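S.K.: Each residue of the sequence shown is one higher than the one before, counting from 9 in our numbering.
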Amino acid sequence: MGCGAGSIAIPLAQAGHPVIAADFSPAMLGTLDAGIEFYGLKDRITPLELAWNDDWDLVGPVAKAVDAAFASRSVTTNDLKGALVKLDRTARRRCAVTMVANSSPRYDLHLMNAIGASVTRSNGFVYAFNILIQMGALPQVTYFESPRRDTFDSLEAGVADFSRMLEHGNEDKIDRLRNYIAHHMIENPHAGEPGSKGIPQGRYMLDHIRKVRWAFIAWEPVSAPRPQPI
9 MGCGAGSIAI PLAQAGHPVI AADFSPAMLG TLDAGIEFYG LKDRITPLEL
59 AWNDDWDLVG PVAKAVDAAF ASRSVTTNDL KGALVKLDRT ARRRCAVTMV
109 ANSSPRYDLH LMNAIGASVT RSNGFVYAFN ILIQMGALPQ VTYFESPRRD
159 TFDSLEAGVA DFSRMLEHGN EDKIDRLRNY IAHHMIENPH AGEPGSKGIP
209 QGRYMLDHIR KVRWAFIAWE PVSAPRPQPI
């Protein structure tokens, strides 16, 4: 669920697994379709336009349709319990979600701490764990970090890019941000090469790697199996 452009769905299909790749965004599914065509995976991947707040009994996969149901970094809903229940009812053997386990991925926590800016930390993964316990599941949690590099072509470009992190209460830290970037920007040895989003990397980067901590939560489904036809 929340397959995006297929960063997980395509490798799974290439490994020989049939995949139902669901996302609420037609644009993302369009990009996925291009990937399916490019890699010749039409017989392995079934795209599905589906949102968390849709009635899955009407428009989603049937109950217990797959061995494993998961959402990687895509549990964006106001009804967290409802989302977990929907994954649970869809899977026969295993469910999993990956959720941020500190500040939002849009923040560089190292930078924000260095300039004295406040950052709201996410506790969604804690709520998910507690909800699963209440559902009768025995969730297992593993933590991991993903590295990110932000690159830019000049001091002003860097300030413009990182200043988005100061929105909603830290706008007065812009001078500290500029000073920090000026003292910590270094030459990027990979400038011009494709970045993580396919855009050429900038000339400069900061002298530290931005790390985002994630919680991988997995559990065995607790919902009743689908009734077998008589």
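For every residue, glycine included, the Cβ atom is placed at its ideal position computed from N, Cα and C. Note that the coordinates shown come from a computational prediction; the quantities given were computed from them, not determined experimentally.
Less than 9 Å between the C-beta atoms of Glu153 and Lys219, yes or no?
M.R.: Locating residue 153 in the sequence shown gives position 145, counting from the first residue. Locating residue 219 in the sequence shown gives position 211, counting from the first residue. Cβ distance < 9 Å, so Glu153 and Lys219 count as in contact.
S.K.: Quick check: what's the CA-CA separation for Asp169 versus Met143?
M.R.: Mapped onto the sequence shown, residue 169 falls at position 161. Mapped onto the sequence shown, residue 143 falls at position 135. Each residue's alpha carbon lies about 42 Å from the other.
S.K.: How is Ser171 classed by DSSP in three states: helix, strand or coil?
M.R.: For the purposes of this step, residue 171 is taken as residue 163 along the sequence shown, with counting starting at 1. DSSP places Ser171 in helix when its eight states are reduced to three.
S.K.: So, helix, strand or coil for Pro19, using DSSP?
M.R.: Along the sequence shown, one-based indexing puts residue 19 at 11. DSSP places Pro19 in helix when its eight states are reduced to three.
S.K.: Contact defined as beta carbons within less than 8 Å: I believe Ile18 pairs with Ala73. What is the distance between those atoms, to the nearest angstrom?
M.R.: Start at 1 with the first residue of the sequence shown, and residue 18 comes out as number 10. Start at 1 with the first residue of the sequence shown, and residue 73 comes out as number 65. Ile18 to Ala73, Cβ: 20 Å. No contact.
S.K.: Relative to the alpha-carbon of Ala232, which residue among Ala71, Gly48, Gly10 and Val67 has its alpha-carbon at the smallest distance?
M.R.: Mapped onto the sequence shown, residue 232 falls at position 224. That would be Ala71, whose Cα lies nearest to the Cα of Ala232.
S.K.: Report yes if the CB atom of Leu58 is closer than 9 Å to the CB atom of Asp31, and no otherwise.
M.R.: Numbered from 1 along the sequence shown, position 50 holds the residue referred to as residue 58. Numbered from 1 along the sequence shown, position 23 holds the residue referred to as residue 31. For Leu58 and Asp31, yes; Cβs fall inside 9 Å.
S.K.: Among the residues of its own chain, which have a CB less than 8 Å from the CB of Arg186, if the five just before and after it don't count?
M.R.: The sequence position of residue 186 within the sequence shown is 178, counting from 1. Leu163 and Val167, listed in sequence order.
S.K.: Take Cys103 as the anchor and find which of Leu37, Arg184, Ala91 and Ala109 has the nearest alpha-carbon.
M.R.: Taking the sequence shown and counting its residues from 1, the one referred to as residue 103 is at position 95. Taking each of Leu37, Arg184, Ala91 and Ala109 in turn and checking the Cα distance to Cys103, the smallest one comes out for Ala91.
S.K.: Quick one: residues in its chain with C-beta nearer than 8 Å to the C-beta of Met36, no 5 flanking neighbours on either side, listed in chain order?
M.R.: Here residue 36 corresponds to residue number 28 of the sequence shown, with the count starting at 1. Cys11, Gly12 and Ala13, listed in sequence order.
S.K.: Taking Cβ to Cβ, would you say Ala223 is nearer than 9 Å to Thr150?
M.R.: For this step, residue 223 is matched to residue 215 along the sequence shown. For this step, residue 150 is matched to residue 142 along the sequence shown. Note that the C-beta distance between Ala223 and Thr150 is below 9 Å.
S.K.: What are the boundary residues of the beta strand (DSSP E) that Trp222 is part of?
M.R.: Your numbering for residue 222 matches position 214 in the sequence shown. Per DSSP, Trp222 belongs to the beta strand (DSSP E) from Arg218 to Trp227.
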